[in-house]
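Enquirer: One structure, as structure tokens, below. Some questions next.
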Amino acid sequence: MAILSWLAEQRIQEAMRGGEFANLPGHGKPLELEDLSGVPEELRMSYKIMKNAGLLPEEVTLRAECVTLEELLLACHTSGNSDTGERKELETKLSLKRLRLQQLLQERGLEGNAAYSDYGDMIRQRLTGIEE
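With my numbering as the guide, the letters of the sequence shown map in order to residues 659 to 790.
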């Protein structure tokens, strides 16, 4: 097997010297690698398949909705909006989303999973743009 790796490496080096990789799309730009290190290993393949299909797990969608509702609530508080009805409605929606998220995590056994918690933190940071 080592000989095949060596042979492949030699061919790649020859192609590089011959300039065969010079006109490829993205030449000279950093690669955009998918970092799935925060996703538990047993979930990585299913998450990748779902991502490629344009689907997200319900808990990820719920977290994104919670972030949006939190931002709307913050905007209501900072703008001095006196419409408490709208604020109450947003708070109710946020509470319901959080309850559903907690229920999902309990059902899937992810509530105390450190890897899942870390992954959730990474998602939250990406959605909010705020480092914790």
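Where a beta carbon is used, it is the ideal one built from N, C-alpha and C, also for glycine.
State buried or exposed for Leu-662, treating a residue as buried only when at least 16 other CB atoms are found within 10 Å of its CB.
Expert: Position 4 of the sequence shown, counted from the start, is the residue given in the question as residue 662. Result: exposed.
Enquirer: Is DSSP giving Leu-689 helix, strand or coil here?
Expert: Within the sequence shown, residue 689 is the residue found at index 31, counting from 1. Here Leu-689 sits in coil by DSSP.
Enquirer: Could you check where the alpha helix (DSSP H) with Asn-710 kicks off and where it finishes?
Expert: By one-based count along the sequence shown, residue 710 stands at place 52. Where Asn-710 is concerned, the enclosing alpha helix (DSSP H) stretches over 699 to 710.
Enquirer: Exposed or buried, what is Lys-706 when buried is set at 16 or more other beta-carbons lying within 10 Å of its beta-carbon?
Expert: For the purposes of this step, residue 706 is identified with residue 48 of the sequence shown, where counting begins at 1. Exposed, because fewer than 16 other Cβ atoms sit within 10 Å of the Cβ of Lys-706.
Enquirer: So Leu-701 and Lys-755 are supposed to be a Cβ contact under 8 Å. How far apart are they, rounded?
Expert: As a position in the sequence shown, residue 701 is number 43, starting the count at 1. As a position in the sequence shown, residue 755 is number 97, starting the count at 1. At roughly 22 Å, the Cβ-Cβ gap does not stay under 8 Å, so Leu-701 and Lys-755 are not in contact.
Enquirer: Can you list, in chain order, the residues of its chain whose CB lies under 8 Å from that of Thr-728, leaving out five sequence neighbours each side?
Expert: Position 70 of the sequence shown, counted from the start, is the residue given in the question as residue 728. In the sequence under discussion, the amino acid at residue 728 is Glu, which differs from the Thr named in the question. Closer than 8 Å at Cβ, skipping near neighbours: Leu-752.
Enquirer: Under the rule that 16 or more other beta-carbon atoms within 10 Å means buried, what is Glu-717, buried or exposed?
Expert: Walking along the sequence shown from the start, residue 717 turns up at place 59. It is buried - the Cβ of Glu-717 has at least 16 other Cβ atoms within 10 Å.
Enquirer: With a 10 Å radius around its C-beta and 16 neighbouring C-beta atoms as the bar for buried, classify Leu-759 as buried or exposed.
Expert: Numbered from 1 along the sequence shown, position 101 holds the residue referred to as residue 759. The residue in question, Leu-759, is buried, as its Cβ has 16 or more Cβ neighbours within 10 Å.
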